[in-house]
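Right, one structure below, let's go through it.
In the working numbering, the protein residues as written are -4 to 540.
Here it is in structure tokens:
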């Protein structure tokens, strides 16, 4: 604004300057010796023209400045209105969320009150009449000893079987402390494993000693491992081990609910001593485990860590040994909770560094998000480095690269691309890492793979067709002229290749819980990366027997 005032002052003083110049010109004309061709009138008109031009330009600039200021004010007002609208929407969303939360809490509280009333009424009926209702405690095997304080818990567990109506066999097996029967029941109903898993914590309340019952179920964890397996895990053994881990997890769920049981009453000192003895027996078997071979999915290491966490005996073991086992279970969905239960939260940066150095950046990203370490371990550079390593070709000369070696390189890159896309989708990294180029590359590799498969199928030798008269194979007859229709001609399209006329569809795993990024094309995860769960971690399909 000061510059504008100074320019305006200078323009106003041009008239006085012209007058001074006129006087000087008149004085010069009086002293001249010869007549000048230049007249004052011409000079005066020239300077007046310059003055008018400057004033006109100055006024134009002033009007533009005022227009710019008005637009700035209007934009500022519009921005303030939009900010106010966003704040109002956020407040409305928070209020709606709070209302839903209050409603959910009210429903849960009401359901609990109703359940308590039903339990009280049924308990009084069993106490007064001594008949009807669920089986009483006296009907248990004679070797099961139940204290007076545990008697009430047993009755509530029996009444709680109302919540476990889908599988009443679970309650019966837990009441009988039949660990072998429980293993068989879970194996026979593995298709309904998700619903069984939800009911096991409730069914464990029916056991006279839930913690001892779970420890007894661990007897076959290593017993079924034969000496002639050559390192290969039998499918039955894998099923038993997954069931053992699941039972320990269900016991942890039961212990974390103070409304159901008291953890101190269930995990006694005798139970802890027995759990420590089992852990000491398992510990030497873990020394032979290889982190690279386990690929972050070791059932042995997971069971050992889960045993320590469930029964609260981690303090009796070396923290460095536990730290060494964490990378062996980095793909298990329970890894983050296990680390917190074992008190290893402060050691997680070291675990993530180990995973990055061993080329398992996907697991590192998952743990970085789980423990809020994304500032220290930025996810996008980790994902990019993972892709870069996956795209490295095998060490063969370009001229001697076989088709099989090239296929392996392409398959490795394809699996890595799908794993990275899955991680981007689950951790909401689309703004930081655009997925369009990755998706196009996936489609390109999938199409090339399908084309190679089609070419390989077409190159296979076609089987010889039998003779039309059913006699069998024989030399082709070419000199028969009398009856040209003796051997009917087979149409060229008799065996159409339908399998190659369909549009390419890329099936995904059955346990994918997130929508695909590529429309109709879903992503298969390679065995090197397992499957993903809702927590953002990759793991094998849960407890397949």
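Glycine included, C-beta positions come from ideal geometry on N, C-alpha and C.
Here the structure is a predicted model, which is why all the values come from computation and not from measurement.
- In the three-state reduction of the DSSP assignment, residue 262 falls in the coil class.
- Contiguous alpha helix (DSSP H) elements confined to the region 166 to 194 occur at 174 to 183, taking only those with 4 or more residues.
- Leaving aside the five residues that flank residue 161 on each side, the residues in its chain whose CB is nearer than 7 Å to its CB run, in chain order, 190 and 194.
- Only residues of its own chain outside the window of five on either side were considered, and among them 359, 362, 363, 368 and 372 have a CB closer than 7 Å to the CB of residue 347, listed in chain order.
- Ranked by Cα distance from residue 291, the first of 264, 266 and 322 is 322.
- Annotation: residue 281 to residue 295 spans about 7 Å, alpha carbon to alpha carbon.
- Sequence-distant Cβ neighbours of residue 304 in its own chain, meaning closer than 6 Å and more than five residues away, are 333, 336 and 337.
- If you check the CB distance, residue 355 and residue 385 do not come in under 7 Å.
- In summary, residue 19 is exposed, with fewer than 16 beta-carbon neighbours lying within 10 Å of its beta-carbon over all protein chains present.
- With a beta-carbon spacing of about 16 Å, residue 213 and residue 169 fall beyond the 8 Å limit used to define contacts.
- The three-state reading of DSSP puts residue 48 in helix, counting H, G and I together.
- The beta carbons of residue 273 and residue 238 sit no closer together than 7 Å.
- Residue environment for residue 234: buried (at least 16 other C-beta atoms within 10 angstroms of its C-beta).
- For residue 239, the secondary structure class from DSSP, reduced to helix, strand or coil, is helix.
- Looking at the backbone, the Cα of residue 97 and that of residue 90 are separated by about 10 Å.
- Here DSSP, grouped into helix, strand and coil, assigns residue 251 to coil.
- Uninterrupted alpha helix (DSSP H) stretches at least 4 residues long and entirely within the region 282 to 335 occur at 286 to 289, 294 to 306 and 314 to 320, given in chain order.
- Residue 421: member of the alpha helix (DSSP H) spanning 398 to 421, first to last residue.
- With 16 or more other CB atoms across the displayed protein chains lying within 10 angstroms of its CB, residue 208 is buried.
- Here the alpha carbons of residue 366 and residue 271 stand approximately 29 Å from one another.
- Across the structure, residue 57 and residue 44 are spaced so that their CA atoms are roughly 20 Å apart.
- Distance from residue 375 to residue 428 at the Cβ level is roughly 5 Å; contact confirmed, criterion being Cβ atoms closer than 8 Å.
- Looking at 102, 329, 16 and 242, the one whose alpha-carbon comes closest to that of residue 42 is 16.
- Excluding residues up to 5 positions away in sequence, 205, 206 and 250 lie with their Cβ nearer than 7 Å to the Cβ of residue 261 in the same chain.
- Comparing C-alpha distances from residue 47 to each of 10, 110 and 77 shows the shortest one belongs to 10.
- Between the alpha carbons of residue 370 and residue 252 lies a distance of about 34 Å.
- Here residue 0 carries a helix assignment [DSSP, helix/strand/coil].
- Membership of residue 442 in the alpha helix (DSSP H) is indicated by the continuous run 431 to 454.
- In the structure shown, residue 339 adopts coil according to DSSP, grouped into three states.
- Residue 339 and residue 318 have their C-alpha atoms some 8 Å from each other.
- Nearest to residue 40 by C-alpha distance, out of 54, 53, 13 and 79, is 13.
- Shown here, residue 101 sits in a helix according to DSSP, grouped into three states.
- Within the region 354 to 385, the alpha helix (DSSP H) runs of at least 4 residues that lie entirely inside it are, in chain order, 356 to 365 and 374 to 385.
- Taking C-beta separations shorter than 8 Å and ignoring five residues to either side along the sequence, the partners of residue 176 in its chain run 168, following chain order.
- For residue 209, the enclosing alpha helix (DSSP H) stretches over residues 205 to 211.
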